[in-house]
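Engineer: Just dropping this structure here.
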Amino acid sequence: MKMLAPEKIWWKPFGRMEKNWLTVAFVWCVFLTVMMPLWYFYGKQNVPTETYRVTREQYAAKVNEFVTQYQVGDENGIPVVAPPPGSDVFLRASTWQWYPILQLEKGQTYRLHISSMDLQHGFSLQPVNINLQVIPGYDYVATIVPTSTGEFTIVCNEFCNLGHHTMVGKIIVK
Amino acid sequence: MTALAPTIPWKASAKDDYRVCGVTTLKVDLHTERLIIANAVMAVVTLLLGGIAALLIALTRWQAIHLLDATWFYRLLTLHGIDMLVAWIVFFEMAGLHFGSTVLLNARHAAPKLAWFGFILMVIGGLMVNVVVLFDTNSIVMFTAYVPMKAHPLFYLSYILFAVGALIATITFFINIVVAKREKRFEGSLPLAVFGLMTAAILAVYTLLQGAIAIVPALFWSLGWIANYDPGIYRNFFWGFGHPAQQVNLAAMVAIWYMLAQMTTGIRPLNEKFSRLAFILYLFFINLGSAHHLLVDPGLSFAWKAVNTSYAMYLAVLGSMMHAFSIPAAIEVAQRAKGHNKGLFGWLRNAPWGEPGFGGLFMSMIIFGFIGGVTGVTIGTEQINMLAHNTLRLPGHFHATVVGGTTLAFMAFTYYVIPLIFRKELKLKSWAKWQPYVFGGGTILVSLGMITSGLQGVARRNWDITFAGVVPGTVDLSLAIFGIGALIAVVGGIMYITIVLASILTGPRMEAGQLLLVGGTQNPLLESTKLTDEQMEHPKNQPKGTLIIVFVFLVWFAVYYLSNWWLLGRTWFIR
Chain A
841 MKMLAPEKIW WKPFGRMEKN WLTVAFVWCV FLTVMMPLWY FYGKQNVPTE
891 TYRVTREQYA AKVNEFVTQY QVGDENGIPV VAPPPGSDVF LRASTWQWYP
941 ILQLEKGQTY RLHISSMDLQ HGFSLQPVNI NLQVIPGYDY VATIVPTSTG
991 EFTIVCNEFC NLGHHTMVGK IIVK
Chain B
446 MTALAPTIPW KASAKDDYRV CGVTTLKVDL HTERLIIANA VMAVVTLLLG
496 GIAALLIALT RWQAIHLLDA TWFYRLLTLH GIDMLVAWIV FFEMAGLHFG
546 STVLLNARHA APKLAWFGFI LMVIGGLMVN VVVLFDTNSI VMFTAYVPMK
596 AHPLFYLSYI LFAVGALIAT ITFFINIVVA KREKRFEGSL PLAVFGLMTA
646 AILAVYTLLQ GAIAIVPALF WSLGWIANYD PGIYRNFFWG FGHPAQQVNL
696 AAMVAIWYML AQMTTGIRPL NEKFSRLAFI LYLFFINLGS AHHLLVDPGL
746 SFAWKAVNTS YAMYLAVLGS MMHAFSIPAA IEVAQRAKGH NKGLFGWLRN
796 APWGEPGFGG LFMSMIIFGF IGGVTGVTIG TEQINMLAHN TLRLPGHFHA
846 TVVGGTTLAF MAFTYYVIPL IFRKELKLKS WAKWQPYVFG GGTILVSLGM
896 ITSGLQGVAR RNWDITFAGV VPGTVDLSLA IFGIGALIAV VGGIMYITIV
946 LASILTGPRM EAGQLLLVGG TQNPLLESTK LTDEQMEHPK NQPKGTLIIV
996 FVFLVWFAVY YLSNWWLLGR TWFIR
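In order, the protein sequence lines correspond to chains A and B.
First residue of the first sequence? That's 841 in my numbering, and the numbers climb one at a time after it.
First residue of the second sequence? That's 446 in my numbering, and the numbers climb one at a time after it.
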């Protein structure tokens, strides 16, 4: 099997070029590794980690309470809600609706809660392009600061059955 | 050719049933031969099914055409994922494992009945899942079948049958190696390609076990035997199967890269230790990458995500970067030793571009590395994933790895399996010469179209993104690039399937007379044995050109990676 088998003793030192490339590649790998904790401490955009267990009923109740408290309008039957800066904001995902429409202020901080009533959904804020997974039973809290104004669309980007593409919501930033 | 003859004769045994290949002088166990043929045929059949689905869903996402209705789009997208990502690739890999554990080791298949049993389970599972998804609307749940979306129990059962079948076939790989060693069919260490396949096989064992852990409770849940299945836990379990399954593909693909390089340019690995160490890095670290799919999930800490997504310290990426150097470097040295020594890239200019094995190898490595690898590491970065999760950037990445990389390498390898294992003359050789470039070129456009659409926020797995009314006009352009690329790739796929079918269905069975298909009569496998240490170490033959290529690669990697941090820094503050 000469043509396929290695030489009898193949444990040999690396050549110069192999050593060089290995060193450079390893340094690059270390850089890739370090970037994440660096950004974690100094960056402004980090993946939220705050999470609470929640039942569907509990979460639905919180959303309703939130809507009653801060509703300022209505758009095609979906309430428009303007919570005060710094407050807890509740967004509910269900097939195939984002509820309610949020009205926020630029430069203010909000604690945005997201959870699902049924299947898994995907929170995809466009064109800002922030994407988070929404899982039933988990209250996911993202502390956000809108840095631009306008109307932003929430697209569902996790397949949630045949009407998936119709699941579109809205955030207004003033 | 006698120089190639195995040093150790087979023991006379009633169990031995083999032929000697006239080109490679390898002994081919006839059980193995039949197993390879059966697995390869199933691979091509499932590729055809998945390919038809690919064409129709691509023509739907190409917004200007928008062919299918929503239900058929989601149905065929589910099938496309399963047939391509699981069936086609795993059937092909099983053929590769039977080949590697017997033919390359001068050994017999020690457990053919068990291997057939595994194969039959895979066929039942693979076909059943197609039927279930086609006829049961509730089972349109995508390849990932995220709980609590409930499919028909038979859907989960077919996954389990397929996985158990593949596990059994993989176990015969280890049985064969142990028996071959015990019967002294080979001396010393495993050949490098078999070492790579063994890496794939070890990864496959725990991948498939993890698949059972994820899917068996889902089956019980769909039958109503258990009331709740936590969707977050399911995601964790599922990706313990779904992600490593792609690493099996990676290891198998790299093993095939080494084989293609040896078969078409007669390489000797520069340093066996270097290449083997790179495989070992895969073995230990690559499975942590399962976390790539959970980076923006609730309930997991930064530390957990960062450690896992970085494969401890990008050590599996290091493995790939080592192969990215060692394979082209070995080709360069072999080419230079043959006298193609002019300048930095004379060795590359004089490479056998018309030989499908080389064309396939080249395209596969370029697409996998420059597009697939770079985008994968970038979107697999904890924070950057927020920009990419579930957008078209995801399929853009993995079409470069799994289609442009793995599938293309497997296709190129098939052209040699047909004369050597099927013992049929390869028909339509001039098509085979062009096929890797057509298929690879199409895949590049598919990938780039998807990635640029995803960068603009277009969601994956979405029948009609314009419904949201958010996408800017340039999305139409990038989706059109994706659609045109898909058409070209489908042409490449049709060429492949036509070549395979024309070859195996027509003409008499005949022994292969030569290794290369279009590149002449020389036998690079034989040439590889004639490369001496002096030639390998001669200053003139050093891989200087390759060093430049890998540094260009690194610069591109850095530019793409850092520009994504810049993009992230421009979005809303979030924590």
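Virtual Cβ for every residue (Gly too), placed ideally from N, Cα, C.
#1: Of all the residues that make up the stretch 510-543 of chain B, which are near chain A by a beta-carbon distance shorter than 8 angstroms?
#2: For A/G962, return the contacting residues in chain B, with the cut-off set at a CB-CB distance below 8 angstroms.
#3: Given this structure, state the Cα-to-Cα distance separating A/S964 from B/F619, to the nearest angstrom.
#4: Let me make sure I understand the geometry here. Which of B/V699, B/L504, B/E800 has the alpha-carbon closest to that of B/Q967?
#5: Out of B/D581, B/L664, B/V576, B/F536, which one is the CA nearest neighbour of B/A560?
#6: Could you list which residues in chain A have their beta carbon closer than 7 angstroms to that of B/E717, in chain order?
#7: Take the Cβ of A/Q909 as the centre, count every other Cβ of all protein chains shown within 10 Å, and call the residue buried at 16 or more, exposed below.
#8: Check whether the stretch 808-826 of chain B and the stretch 846-860 of chain B touch, using three or more Cβ-Cβ pairs below 8 angstroms as the test.
#9: How would you call A/D928, buried or exposed, if buried means at least 16 neighbouring beta carbons within 10 angstroms?
#10: Pull up the CB-CB distance for A/P853 and B/G633, whole angstroms please, since I reckon it's below 8 angstroms.
#11: Our contact map puts B/G571 next to B/E956 with C-beta atoms below 8 angstroms; I'd like the distance itself, whole angstroms only.
#12: So does A/V1013 have its beta carbon nearer than 7 angstroms to some heavy atom of the ligand NAP?
#13: What does DSSP give as the partner residue(s) for A/C996 in the beta ladder?
#14: Under three-state DSSP, which class holds B/H738?
#15: When you compare the CB positions of B/S765 and B/F719, do they come within less than 8 angstroms of one another, or not?
#16: Does DSSP put A/Y950 in a helix, a strand or coil?
#17: Closest by CA to B/E538, which one among B/V693, B/T470, B/V490, B/L494?
#18: In chain B, which residues lie with their C-beta within 9 angstroms of the C-beta of A/W868?
#19: Please confirm whether B/R1020 has its beta-carbon closer than 8 angstroms to some beta-carbon of chain A.
#20: Alpha carbon to alpha carbon, what distance is there between B/G496 and B/K869?
#21: Using a Cβ cut-off of 8 angstroms (strictly closer), state whether B/G1014 contacts chain A.
#22: From the beta carbon of B/L755, is the nearest beta carbon of chain A less than 8 angstroms away?
#23: Pull the bridge partners of A/N971 from the DSSP assignment, please.
#24: Over the uninterrupted beta strand (DSSP E) stretch that includes B/L602, give me the two end residues.
#25: When the Cβ atoms of the stretch 893-906 of chain B are set against those of the stretch 834-854 of chain B, are three or more pairs found closer than 8 angstroms?
#26: Note down, in chain order, each residue of its chain lying with its Cβ closer than 6 angstroms to the Cβ of B/S603, except the 5 sequence neighbours on either side.
#27: Do you know whose CA, among A/L1002, A/L942, A/T949, A/T989, lies nearest A/K1010's CA?
#28: Any Cβ of chain B within less than 8 angstroms of the Cβ of A/W879?
#29: How big is the Cα-Cα spacing for B/A625 and B/V548?
#30: Mind pulling the chain A residues with CB within less than 8 angstroms of B/P636?
#31: Give the residues of chain B in contact with A/N969, contact being defined as C-beta atoms less than 7 angstroms apart.
#32: Between which two residues does the beta strand (DSSP E) harbouring A/F930 extend?
#33: Against B/P407, what residues of chain A qualify as contacts under a CB-to-CB distance less than 9 angstroms, listed in chain order?
#34: What do you get for A/E858, buried or exposed, if any count of 16 or more other CB atoms within 10 angstroms of its CB means buried?
#35: What residues of chain B sit near A/F854, judged by a beta carbon separation below 8 angstroms?
#36: For B/V819 versus B/H768, is the C-beta distance shorter than 8 angstroms?
Structural biologist: The answer reads as follows:
#1: A515, T516, Y519
#2: In the first sequence, counting from the first residue as 1, residue 962 of chain A sits at position 122. Per Cβ cutoff of 8 angstroms: H834, N835, A904.
#3: The residue you call residue 964 of chain A lines up with position 124 of the first sequence. The residue you call residue 619 of chain B lines up with position 174 of the second sequence. Cα to Cα, A/S964 sits roughly 45 angstroms from B/F619.
#4: The residue labelled residue 967 of chain B in the question sits at position 522 within the second sequence. The shortest C-alpha separation from B/Q967 is found at B/E800.
#5: As a first step, residue 560 of chain B must be located in the second sequence, where it is residue number 115. Selected option, being the one with the closest Cα: B/F536.
#6: For the purposes of this step, residue 717 of chain B is taken as the residue at position 272 of the second sequence. Those within 7 angstroms of B/E717 in chain A are P846, W850.
#7: In the first sequence, residue 909 of chain A corresponds to position 69, counting from 1. Exposed, since its Cβ has fewer than 16 Cβ neighbours within 10 Å.
#8: yes
#9: Within the first sequence, numbered from 1, the residue matching residue 928 of chain A stands at position 88. Looking at its Cβ environment, which holds fewer than 16 other Cβ atoms inside 10 Å, A/D928 is exposed.
#10: As a first step, residue 853 of chain A is located in the first sequence; it is residue number 13 there, counting from the start. As a first step, residue 633 of chain B is located in the second sequence; it is residue number 188 there, counting from the start. With a Cβ gap of about 19 angstroms, A/P853 and B/G633 do not count as contacting.
#11: For the purposes of this step, residue 571 of chain B is taken as the residue at position 126 of the second sequence. For the purposes of this step, residue 956 of chain B is taken as the residue at position 511 of the second sequence. Contact doesn't hold; Cβ gap of about 32 angstroms is too wide.
#12: As far as ligands go, the structure on display features none, and thus does not contain the ligand NAP.
#13: Here residue 996 of chain A is taken as the residue at index 156 of the first sequence, counted from 1. The partner list for A/C996 (beta bridge, DSSP) reads A/F963.
#14: Residue numbering aside, residue 738 of chain B sits at position 293 when the second sequence is read from its first letter. Of the three classes helix, strand and coil, the one that applies to B/H738 here is helix, per DSSP.
#15: Reading the second sequence from its first residue, position 320 is the one you call residue 765 of chain B. Reading the second sequence from its first residue, position 274 is the one you call residue 719 of chain B. No. Outside cutoff.
#16: Counting from 1 along the first sequence, the entry for residue 950 of chain A is found at position 110. DSSP places A/Y950 in strand when its eight states are reduced to three.
#17: Taking the first residue of the second sequence as position 1, residue 538 of chain B is located at position 93. Checking every option, the nearest Cα to that of B/E538 belongs to B/V693.
#18: Numbered from 1 along the first sequence, position 28 holds the residue referred to as residue 868 of chain A. Within 9 angstroms Cβ-Cβ: Y759, V762, L763, M766, L999, F1002, A1003.
#19: Residue numbering aside, residue 1020 of chain B sits at position 575 when the second sequence is read from its first letter. So, interface residue.
#20: In the second sequence, the residue the question calls residue 869 of chain B occupies position 424. In the second sequence, the residue the question calls residue 496 of chain B occupies position 51. In a straight line, the C-alpha of B/K869 is about 25 angstroms away from that of B/G496.
#21: Position 569 of the second sequence, counted from the start, is the residue given in the question as residue 1014 of chain B. Judged by the 8 angstroms Cβ criterion, B/G1014 is in contact with chain A.
#22: Position 310 of the second sequence, counting from 1, holds the residue named residue 755 of chain B. Checking the sequence, you will find Ser at residue 755 of chain B rather than Leu. Yes, B/S755 counts as interfacial toward chain A.
#23: As a working mapping, residue 971 of chain A is identified with position 131 in the first sequence. DSSP output for A/N971 lists A/S964 as bridge partner(s).
#24: Translated into positions along the second sequence, residue 602 of chain B becomes position 157. No beta strand (DSSP E) contains B/L602, which is instead part of the alpha helix (DSSP H) from 598-627.
#25: yes
#26: Translated into the one-based positions of the second sequence, residue 603 of chain B becomes position 158. Within the same chain, B/S603 has close Cβ partners G570, M573, V574.
#27: Looking up residue 1010 of chain A in the first sequence gives position 170. Closest by alpha carbon: A/L942.
#28: Within the first sequence, numbered from 1, the residue matching residue 879 of chain A stands at position 39. Yes, contact with chain B.
#29: The sequence position of residue 625 of chain B within the second sequence is 180, counting from 1. The sequence position of residue 548 of chain B within the second sequence is 103, counting from 1. Approximately 11 angstroms between the Cα atoms of the pair.
#30: If you number the second sequence from 1, residue 636 of chain B lands on position 191. Near B/P636 (Cβ distances below 8 angstroms), the residues of chain A are M841, L844, A845, P846.
#31: Counting from one through the first sequence, the residue named residue 969 of chain A turns up at place 129. Correct list: L832, G902, T1016.
#32: Taking the first residue of the first sequence as position 1, residue 930 of chain A is located at position 90. It spans 928-934 - the beta strand (DSSP E) in which A/F930 sits, taken as one unbroken run.
#33: The question about residue 407 of chain B has no answer here: the residues shown for chain B are numbered 446 through 1020.
#34: Along the first sequence, read from residue 1 onward, the residue named residue 858 of chain A stands at position 18. Its Cβ being crowded by 16 or more others within 10 Å, A/E858 is buried.
#35: Position 14 of the first sequence, counting from 1, holds the residue named residue 854 of chain A. Ordered by position in chain B, the residues that pass the 8 angstroms Cβ test against A/F854 are N716, K718, F719.
#36: Locating residue 819 of chain B in the second sequence gives position 374, where the first residue counts as 1. Locating residue 768 of chain B in the second sequence gives position 323, where the first residue counts as 1. No, Cβ-Cβ distance for B/V819 and B/H768 is not below 8 angstroms.
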